[in-house]
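To start, the structure itself, in structure tokens.
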Amino acid sequence: MDARHRLHCVNFIRKFTSNSIFFLIPLHFLQIGLPGWQIGLIMAFYASAPLLFSFPAGWINDRFSIKKLIQAGLVTMSLTLFLIGRAKHFLPMLFLFLMLGIANNALDVSINNFFYKDGRDANQNKKYGLLAFWLALGVAAGTFFGGFLTTYARFEVLLNVYAFLMLAPFFLVFPIGEGKKAMVSLQAYRLGILNRKTLAFSVMILVLTLHWGAEGTVYSPFLKEHFGLSHLQLSLYISIPLFLMALSAFLFSFLKYDLRKNNRLFLLAMFLSGLGLIMMVNNNLVVSFAFRILHEIGDGFIGAALALTISRLFSKDSIGGSSGILLMIMTSGHMIGSLVFSSLGFGAGLHWPFIVAGGLLILNAFYGRYVFKWERY
């Protein structure tokens, strides 16, 4: 099996596992008696991990090893899931979720960097389309099956199963190489980030990731309040469009690489993603669902195009740490969006975060048009 195929398997299993758990983990927290503020703090610690570890993980990838960090991330994630199934109190759970976030972030950064540094393929659309496809497919499958799995087993049993599942890919990683190593100075990272081209793109991805905050905070409450969906219906509404997101990333891999066409597709996908987000607040469930599919199709193309664009921004020697800094910016957008849109949704109405976030995506598409006109990405 080719090294890329092995890492696609790791990505699928990682996303399947994490999405199966985090779609339902608040229910487990409530069952063991944790109050709402503690649940929020635990999830905030998990979400903040990329701010702490993205650059160090990328620096390790550049200077030492990609494979060893992937293996360390898999072992840490497996052990942490096993211990989460046994933790019953706030402080141990807080520490474990921080460790889980760091391990997941190490995998995220390291696997991406393997693809960024691997220059074998001339067809960049195929390379990054397939990378985004397997990630999105794991998200979709994990969300879809999460609700069904907990119907037949206690959450502690699932965590034990997932702990084993995360350890299984450890052996898949053995044959892959260590990745290209280089002695990169901190000055090189600074110059790679603090230039007009990268800063303009950083603004674009910061605005792009704001809408993740709306989806992570008020998505389920909106569906319950707006349409009165049951737990199973909620799972289906959320997960089925995610399969279409995976499909659109897969379709991206069939497109012939063309810089100008890729840029146009990136912007069109962002526009459609924003339009879908706005229109999903429609009172008709079928219409809402159709526009949610449109949003996820846009996000699928965005995911593939985003990875491809980042791969072209930096030299292969420094792309590990540099892309880690961009991931920190994306995480900041996610966290800012979570704070702003949760306050807006629970204060002014749960439909407003989607309208505002969708509007920002559409404006960002127009901003991106000028960014791509100024600079060659």
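Note that our numbering has the sequence shown beginning at 1, numbered continuously upward. Ideal placement from N, C-alpha and C gives every residue a C-beta, glycine not left out.
Alpha-carbon spacing of residue i relative to residue j, whole angstroms
i: leucine 242; j: alanine 136; result: 7 Å
i: asparagine 125; j: alanine 269; result: 15 Å
i: glycine 345; j: phenylalanine 227; result: 16 Å
i: arginine 264; j: isoleucine 84; result: 44 Å
i: alanine 307; j: leucine 259; result: 14 Å
i: leucine 339; j: proline 175; result: 43 Å
i: valine 286; j: aspartate 317; result: 49 Å
i: histidine 28; j: lysine 88; result: 10 Å
i: leucine 247; j: serine 311; result: 22 Å
i: isoleucine 362; j: glycine 274; result: 5 Å
i: phenylalanine 372; j: phenylalanine 271; result: 15 Å
i: glycine 36; j: proline 56; result: 32 Å
i: arginine 120; j: lysine 15; result: 26 Å
i: alanine 153; j: proline 26; result: 16 Å
i: leucine 30; j: leucine 52; result: 28 Å
i: glycine 146; j: serine 230; result: 15 Å
i: asparagine 123; j: tyrosine 257; result: 6 Å
i: serine 48; j: phenylalanine 22; result: 15 Å
i: tyrosine 189; j: tyrosine 377; result: 18 Å
Check whether residue i and residue j have beta carbons under 9 Å apart
i: histidine 334; j: tryptophan 134; result: no
i: glycine 300; j: glycine 276; result: no
i: glycine 324; j: glycine 58; result: yes
i: isoleucine 240; j: tyrosine 219; result: no
i: lysine 67; j: valine 184; result: no
i: alanine 3; j: phenylalanine 114; result: yes
i: asparagine 61; j: serine 20; result: no
i: phenylalanine 222; j: leucine 313; result: no
i: asparagine 262; j: threonine 309; result: yes
i: phenylalanine 144; j: leucine 236; result: yes
i: phenylalanine 289; j: methionine 280; result: yes
i: phenylalanine 252; j: glycine 129; result: yes
i: leucine 7; j: tyrosine 46; result: no
i: asparagine 18; j: threonine 331; result: The displayed chain sequence assigns serine, not asparagine, to residue 18. Not in contact: serine 18 and threonine 331 (Cβ atoms no closer than 9 Å).
i: isoleucine 42; j: methionine 93; result: yes
i: threonine 209; j: glycine 101; result: no
i: isoleucine 378; j: leucine 131; result: Only positions 1 to 377 of the chain appear in this structure, which leaves residue 378 out of reach.
i: glutamine 38; j: phenylalanine 90; result: yes
i: valine 10; j: leucine 159; result: no
i: asparagine 105; j: leucine 327; result: yes
i: glutamate 156; j: leucine 350; result: no
i: alanine 72; j: alanine 103; result: yes
Residue i classed as buried or exposed, judged by whether at least 16 other C-beta atoms fall within 10 angstroms
i: alanine 182; result: exposed
i: glutamine 187; result: exposed
i: glutamate 215; result: buried
i: isoleucine 32; result: exposed
i: proline 50; result: buried
i: alanine 249; result: buried
i: lysine 127; result: buried
i: lysine 117; result: buried
i: leucine 232; result: exposed
i: asparagine 283; result: exposed
i: leucine 191; result: exposed
i: tyrosine 370; result: exposed
i: leucine 199; result: exposed
i: serine 322; result: buried
i: leucine 69; result: buried
i: glycine 177; result: exposed
Cβ neighbours of residue i in the same chain (closer than 8 Å, five flanking residues each side left out)
i: methionine 245; result: Ala136, Val139, Ala140, Glu296, Ile297, Asp299, Gly300 and Gly303
i: glycine 347; result: none
i: leucine 167; result: Leu74, Val75 and Ser78
i: leucine 34; result: Ile42, Phe90 and Met93
7 Å Cβ shell around residue i - same chain, five flanking residues per side excluded
i: tryptophan 352; result: Leu344 and Gly345
i: phenylalanine 341; result: Gly213, Ala214, Thr217, Val218, Pro353 and Ala357
i: isoleucine 278; result: Phe354, Ile355, Gly358 and Gly359
i: leucine 165; result: Ile13 and Thr17
i: methionine 204; result: Asn364, Tyr367, Gly368 and Val371
i: isoleucine 193; result: Ser322 and Ile325
Cut-off 6 Å between Cβ atoms - residues of its own chain near residue i, not counting five sequence neighbours on either side
i: glycine 320; result: Gly58, Asn61, Asp62 and Asn113
i: lysine 197; result: Glu375
i: leucine 255; result: Asn125
i: tyrosine 162; result: Thr17 and Leu81
i: isoleucine 293; result: Pro241 and Leu244
i: phenylalanine 291; result: Gly276, Met279 and Met280
The ligand GDP heavy atom lying under 8 Å from the CB of residue i
i: phenylalanine 16; result: Looking for the ligand GDP in the displayed structure turns up nothing, as the structure carries no ligands at all.
Short CB-CB distance (under 9 Å) between residue i and chain B
i: leucine 130; result: The structure shown contains no chain B; it holds only a single protein chain.
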